[in-house]
Amino acid sequence: MANHEIIVIGASAGGVEALAALVQGLPADLPASLFVVLHLGPHSASVLPQILSQKGTLPARHARDGEAIEPGRIYVASPDRHLLVRHGRVRVSLGPKENSLRPAADPLFRSAAQAYGRRVVGVVLSGTLDDGTAGLQAIKSRGGVTIVQDPRDALFAGMPRSALEGVTIDHCLPITEIAPLLVRLAYEPVKGGGEQPMSDEYEKEAEIAEFDLAVIQDDAQRPGVPSGFACPDCGGALWELHEGELIRYRCRVGHAWSPSSLLAEQSEALESALWTALRALEERAALSERVAERFALRGHTRPTERFREQAAESRRRAALIRQVLLNGEPEAETAAGTPAEAEAANLKDGADEPAPRGEAGPERPPGVESSG
Numbered sequence: 001m002a003n004h005e006i007i008v009i010g011a012s013a014g015g016v017e018a019l020a021a022l023v024q025g026l027p028a029d030l031p032a033s034l035f036v037v038l039h040l041g042p043h044s045a046s047v048l049p050q051i052l053s054q055k056g057t058l059p060a061r062h063a064r065d066g067e068a069i070e071p072g073r074i075y076v077a078s079p080d081r082h083l084l085v086r087h088g089r090v091r092v093s094l095g096p097k098e099n100s101l102r103p104a105a106d107p108l109f110r111s112a113a114q115a116y117g118r119r120v121v122g123v124v125l126s127g128t129l130d131d132g133t134a135g136l137q138a139i140k141s142r143g144g145v146t147i148v149q150d151p152r153d154a155l156f157a158g159m160p161r162s163a164l165e166g167v168t169i170d171h172c173l174p175i176t177e178i179a180p181l182l183v184r185l186a187y188e189p190v191k192g193g194g195e196q197p198m199s200d201e202y203e204k205e206a207e208i209a210e211f212d213l214a215v216i217q218d219d220a221q222r223p224g225v226p227s228g229f230a231c232p233d234c235g236g237a238l239w240e241l242h243e244g245e246l247i248r249y250r251c252r253v254g255h256a257w258s259p260s261s262l263l264a265e266q267s268e269a270l271e272s273a274l275w276t277a278l279r280a281l282e283e284r285a286a287l288s289e290r291v292a293e294r295f296a297l298r299g300h301t302r303p304t305e306r307f308r309e310q311a312a313e314s315r316r317r318a319a320l321i322r323q324v325l326l327n328g329e330p331e332a333e334t335a336a337g338t339p340a341e342a343e344a345a346n347l348k349d350g351a352d353e354p355a356p357r358g359e360a361g362p363e364r365p366p367g368v369e370s371s372g
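The opening residue of the sequence shown carries number 1 in my numbering; numbering runs sequentially from there.
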């Protein structure tokens with residue numbers, strides 16, 4: 001009988017520490033393969049395989065496209081490449097980014113669920129925002145096992161908290177208790193009957209991550225409904241997808257977003273627009289003052305006053321935007337101005353960072369295991 005032979009792990013901020021602690025508890029003869037996604041910049045030099053090899057007994061290396069999957073190995077995603085799992089093989093892909101990330105945990109988790117069903121164990125560790133939540137939902141839908149690091153134990157609670165809030169999680173544990181559970185699951189026969197079928201939507205999502213152009217360009221079979229929102233990466237229309245209780249968005253060329261990641265990206269775009277507006281207003285004020293000086297030298301009173309008033313108005317608006325950028329909101333006395341100023345006073349950055357360790361984590365949903 002098959003065991004839980006595929007273990008997929010996603011982590012972000014605080015993930016190196018969590019992964020190092022995790023691999024220390026895994027034996028050299030573990031009858032399972034580990035696949036690890038740690039969020040990295042596209043031009044980063046990743047030394048994670050060396051760290052994991054030194055901390056534990058399992059050999060770790062960056063995954064190579066097409067190589068055979070072997071038990072007792074750790075396959076690590078390379079910078080700017082999705083790590084995917086196919087039947088007996090590793091895939092490395094330049095497919096569309098998800099939540100502005102490549103590598104991302106969600107594509108790895110979905111591909112493993114598609115290929116191995118009940119034999120998959122999905123693990124979400126420390127990190128910000130919510131990568132991994134949709135992937136755990138795919139694993140859960142196929143009968144796999146879902147595990148998250150206890151948010152109160154994580155350096156950054158965002159990813160574990162999102163998974164707990166969005167998916168029915170099997171085990172919520174501190175990092176020291178996850179390795180013994182993985183060892184037990186690796187030797188434990190898979191429970192239940194035959195494989196649960198994977199939905200067409202999940203199948204398409206997994207194929208998009210491999211950059212399957214036939215799937216990406218198939219408008220007739222595109223899942224979801226138009227959302228009315230635009231993709232921050234390419235400007236294309238986003239389709240709204242429903243996966244269990246989760247809502248996600250994907251554009252024509254395959255970029256995918258969760259609501260939280262989309263809001264965070266929109267907040268960055270808003271800040272960029274405000275800086276552009278500030279620069280334009282300050283340039284307008286400087287130009288108006290220069291023109292006013294020229295009219296003043298010629299003795300033209302009315303145009304001088306008009307351009308000086310225009311400069312002063314631009315300075316006032318620039319000061320308001322500067323307050324929004326520096327403080328998140330304008331000062332009370334500044335906000336009470338023109339209608340345009342009053343409207344600008346309501347602009348705020350709505351993307352909250354997940355809480356670091358030390359803050360109270362969420363209550364575990366009923367049925368979530370608290371210890372190994």
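Glycine residues also receive a C-beta, built at the ideal position from the N, C-alpha and C atoms.
Would you grab the beta carbon distance between CYS172 and LEU185 for me? Rounded to a whole angstrom, and I think it's under 8 Å. Contact flag wrong, Cβ pair sits at about 15 Å.
Boundaries of the beta strand (DSSP E) in which ALA237 is found, first to last residue: 237 to 243
Short of 8 Å in beta carbon distance, which residues of its chain neighbour PHE307, apart from the five on each side in sequence? Order them along the chain. SER288, GLU289, VAL291, ALA292, PHE295
Is it true that the CB of ARG61 sits closer than 8 Å to the CB of VAL37? no
With a Cβ-Cβ cutoff of 8 Å, do ILE178 and LEU52 count as a contact? no
Span of the beta strand (DSSP E), counted from its first residue to its last, around LEU34: 33 to 38
Using the Cβ count rule (16 or more neighbours within 10 Å means buried), how would you classify ALA68? exposed
Could you name the residues of the same chain whose beta carbon sits closer than 7 Å to that of GLY25, not counting the 5 residues immediately before and after it, in chain order? ALA179, PRO180
Whose C-beta lies closer than 7 Å to the C-beta of VAL253 among residues of the same chain, with five residues either side of it excluded? PRO96, ILE216, CYS234, GLY236
Identified DSSP bridge partners for SER93: HIS82
Do PHE35 and VAL16 have their beta-carbon atoms positioned less than 8 Å apart in this structure? no
Please go through the same chain and pick out, in chain order, the residues whose beta-carbon is closer than 8 Å to the beta-carbon of SER227, but skip the five residues on each side of it. ALA237, LEU238, TRP239, GLU240, TYR249
Are the Cβ atoms of VAL167 and HIS4 separated by less than 8 Å? no
Once you ignore the five residues that flank ALA2 on each side, which residues in its own chain have a CB closer than 8 Å to its CB? ARG118, ARG119, PRO189, VAL190
Give the secondary structure of ALA318 by DSSP, where H, G and I count as helix, E and B as strand, and everything else as coil. helix
What residues are listed by DSSP as bridge partners for HIS62? VAL76
Hey, quick one: how far does the beta strand (DSSP E) through SER227 stretch, first residue to last? 225 to 230
On the DSSP bridge assignment, give the partners of ALA11 in chain order. LEU38
Got a sec? Which residues, its chain only, sit under 6 Å from ALA104 by beta carbon, not counting five neighbours each side? GLU98, ASP131
Which residues bound the alpha helix (DSSP H) around LEU108? 105 to 116
Closest by C-alpha distance to GLY158, when choosing among LEU125, GLN137, ARG142: LEU125
Please name the residue or residues paired with VAL121 in a DSSP beta bridge. ILE7, VAL145
To the nearest angstrom, how far is it from the Cα of PRO27 to the Cα of ILE74? 12 Å
Rounded to the nearest angstrom, how far is the Cβ of SER33 from that of GLU70, given a contact under 8 Å? 7 Å
What whole-angstrom Cβ distance do ARG316 and LEU278 have, given they're in contact under 8 Å? No, ARG316 and LEU278 are not in contact; Cβ-Cβ is about 12 Å, not under 8 Å.
Would the beta-carbon of LEU246 fall within 8 Å of that of ALA113? no
Taking the straight line between their C-alpha atoms, what separation do you get for GLN154 and GLU271? First, the residue type needs correcting, since residue 154 is Ala and not Gln in the sequence shown. Rounded to the nearest angstrom, the two C-alpha atoms are 29 Å apart.
ALA311, buried or exposed, once every other Cβ within 10 Å from all chains shown has been counted against 16: buried
Across which residues does DSSP place TYR249 in a beta bridge pair? GLU240, TRP257
Proximity to ILE6 [Cα-Cα], best of ALA45, ALA18, ASP106, ALA115: ALA115
According to the neighbour-count rule (16 or more other Cβ atoms, all chains shown, within 10 Å of its Cβ), is LEU19 buried or exposed? buried
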